[in-house]
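**Q**
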Amino acid sequence: MTALLRLIGTGGVIAYRALFNWTTPAMFVGTLLVGPLFQLFFFAYLGRQLGVADDRFYIVGNAVLAASVACVFGGTMAVSNERRFGTLGHVLLSPRSRTAIFLGRALPYALNGLLIAVSTLTVSSLLLGLRIPVSALPGLLLMLAAAALACGFFGLTLGAIGLRFRDVWLVSNVAVALLLLLTGVNVPAAGLPAGMRAVGGVLPITHAAEGARRLVAGDGFGAAAPALAAELAVGLGYAILAAALLKLFETESRRKATLETV
Numbered sequence: 004m005t006a007l008l009r010l011i012g013t014g015g016v017i018a019y020r021a022l023f024n025w026t027t028p029a030m031f032v033g034t035l036l037v038g039p040l041f042q043l044f045f046f047a048y049l050g051r052q053l054g055v056a057d058d059r060f061y062i063v064g065n066a067v068l069a070a071s072v073a074c075v076f077g078g079t080m081a082v083s084n085e086r087r088f089g090t091l092g093h094v095l096l097s098p099r100s101r102t103a104i105f106l107g108r109a110l111p112y113a114l115n116g117l118l119i120a121v122s123t124l125t126v127s128s129l130l131l132g133l134r135i136p137v138s139a140l141p142g143l144l145l146m147l148a149a150a151a152l153a154c155g156f157f158g159l160t161l162g163a164i165g166l167r168f169r170d171v172w173l174v175s176n177v178a179v180a181l182l183l184l185l186t187g188v189n190v191p192a193a194g195l196p197a198g199m200r201a202v203g204g205v206l207p208i209t210h211a212a213e214g215a216r217r218l219v220a221g222d223g224f225g226a227a228a229p230a231l232a233a234e235l236a237v238g239l240g241y242a243i244l245a246a247a248l249l250k251l252f253e254t255e256s257r258r259k260a261t262l263e264t265v
């Protein structure tokens, strides 16, 4: 068990440092901390003008969404960049569990996403005057963590697809656009067609955004618990799917000799 935890923890951190493509602290801050704030302000002021929803709707929704960029693209890089840098073969030749190796890589990205979400929520609340009940903070932190973890496993699933398809970044960008449109973070889910709501229900952050809004509204953790459970279930589903796809595409790549094809 100790060796497995070391493989997941230490291996995940090393892979994060090697495969996540930000080169300077300024790039990290500008892209992952400041960028989501401008997106939040855009939708908040647009919502004010159109009268769609109040500031709380957009602040909480976009704070949850802020975790998705680092987690989805980071999770994708955790697999696809091994292939891009020519090191995927070395990983797959390891006698250790590749499932543990790759699934463990979602954890640093989830922590990264949680940091971004907390930063976005804090700064935007101060600037736009949102009051969050102190009693809601522990549950809110748990909700953001669940969203970040689900997004990390979602990213790993997309990275696994990159073992079969060359242009995994096209898939990732489309996936992030779907998170923006279908998860209810900027467009109230009640206003979406039934089919779009159904797709949003199996995407990460949908249920976390709903639960976070309940907590901020002061409804209590009991009212938000079903949304938290649903978000964790979505994350578990993507973890299982990522593991299955990694195993399947690894086998197919070995058989067709396309393991290092870029």
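Each residue of the sequence shown is one higher than the one before, counting from 4 in the numbering used here. In this text, a Cβ means the ideal position worked out from N, Cα and C, and glycines have one as well.
If we ignore side chains and look at the alpha-carbon of each, how far apart do Arg169 and Leu161 end up?
**A** To locate residue 169, count along the sequence shown from 1; it is residue 166. To locate residue 161, count along the sequence shown from 1; it is residue 158. Each residue's alpha carbon lies about 12 Å from the other.
**Q** Just to confirm, is the Cβ distance from Ala227 to Gly142 under 8 Å?
**A** By 1-based counting over the sequence shown, the position of residue 227 is 224. By 1-based counting over the sequence shown, the position of residue 142 is 139. Cβ distance < 8 Å, so Ala227 and Gly142 count as in contact.
**Q** Where do the N-terminal and C-terminal ends of the alpha helix (DSSP H) with Leu36 fall, by residue?
**A** In the sequence shown, the residue the question calls residue 36 occupies position 33. From DSSP, Leu36 is part of no alpha helix (DSSP H); its letter is neither H nor E.
**Q** Scan the stretch 200 to 252 and note each continuous alpha helix (DSSP H) run of 4 residues or more that stays entirely inside, going in chain order.
**A** Listed in chain order, the complete alpha helix (DSSP H) runs (minimum 4 residues) inside the stretch 200 to 252 are 209 to 219.
**Q** From Ala245, Thr254, Ile208, Arg134, pick the residue whose C-alpha is nearest to that of Ala120; which is it?
**A** Start at 1 with the first residue of the sequence shown, and residue 120 comes out as number 117. Nearest option by C-alpha distance: Ile208.
**Q** Determine the contact status of Tyr61 and Phe46, defining contact as a CB-CB distance below 8 Å.
**A** Start at 1 with the first residue of the sequence shown, and residue 61 comes out as number 58. Start at 1 with the first residue of the sequence shown, and residue 46 comes out as number 43. Taking 8 Å as the Cβ cut-off, Tyr61 and Phe46 qualify as a contacting pair.
**Q** Where do the ends of the alpha helix (DSSP H) carrying Phe168 lie?
**A** Here the question's residue 168 lines up with position 165 in the sequence shown. Neither: Phe168 is in no alpha helix (DSSP H) and is coded neither H nor E.
**Q** Quick check: what's the CA-CA separation for Ala197 versus Leu147?
**A** Position 194 of the sequence shown holds residue 197. Position 144 of the sequence shown holds residue 147. Each residue's Cα considered, the two are about 26 Å apart.
**Q** Using the Cα positions of Phe252 and Asp222, report the straight-line distance between them to the nearest angstrom.
**A** Locating residue 252 in the sequence shown gives position 249, counting from the first residue. Locating residue 222 in the sequence shown gives position 219, counting from the first residue. If I take the Cα positions, the gap works out to 45 Å.
**Q** Would DSSP call Arg258 helix, strand or coil?
**A** For the purposes of this step, residue 258 is identified with residue 255 of the sequence shown, where counting begins at 1. Three-state result, Arg258: helix.
**Q** In three-state DSSP terms, what is Phe88?
**A** To locate residue 88, count along the sequence shown from 1; it is residue 85. The answer is coil: DSSP assigns Phe88 none of H, G, I, E or B.
**Q** With a CB to CB cut of under 7 Å and the five nearest residues on each side skipped, what residues in its chain are close to Ala69?
**A** Counting from 1 along the sequence shown, the entry for residue 69 is found at position 66. For Ala69, where only same-chain residues beyond five positions count, the Cβ hits under 7 Å are Pro39, Ile119, Ala120, Thr123.
**Q** What would DSSP say about Leu133, mapped onto helix, strand or coil?
**A** Along the sequence shown, one-based indexing puts residue 133 at 130. The answer is coil: DSSP assigns Leu133 none of H, G, I, E or B.
**Q** Determine the DSSP secondary structure at Val265, reduced to helix, strand or coil.
**A** Here residue 265 refers to the residue found at position 262 of the sequence shown. Per-residue confidence for Val265 stands at a pLDDT of 49, beneath the threshold of 50, marking its modelled position as unreliable; the derived number appears in the next sentence. If DSSP states are grouped into helix, strand and coil, Val265 belongs with coil.
**Q** Can you look up Thr27 in the DSSP assignment and give me helix, strand or coil?
**A** Looking up residue 27 in the sequence shown gives position 24. Thr27 falls in the coil class under three-state DSSP.
**Q** Check the Cβ-Cβ distances between Leu195 and every residue of chain B, and say whether any is below 8 Å.
**A** The displayed structure is made up of one protein chain only, and chain B is not part of it.
**Q** Would you kindly report the start and end of the unbroken alpha helix (DSSP H) that includes Arg101?
**A** Within the sequence shown, the letter at position 98 stands for residue 101. Residues 101 to 107.
**Q** Any heavy atom of the ligand GTP closer than 7 Å to the Cβ of Phe76?
**A** By its list of ligands, the structure shown contains no ligand whatsoever, and the ligand GTP lies outside what it can speak to.
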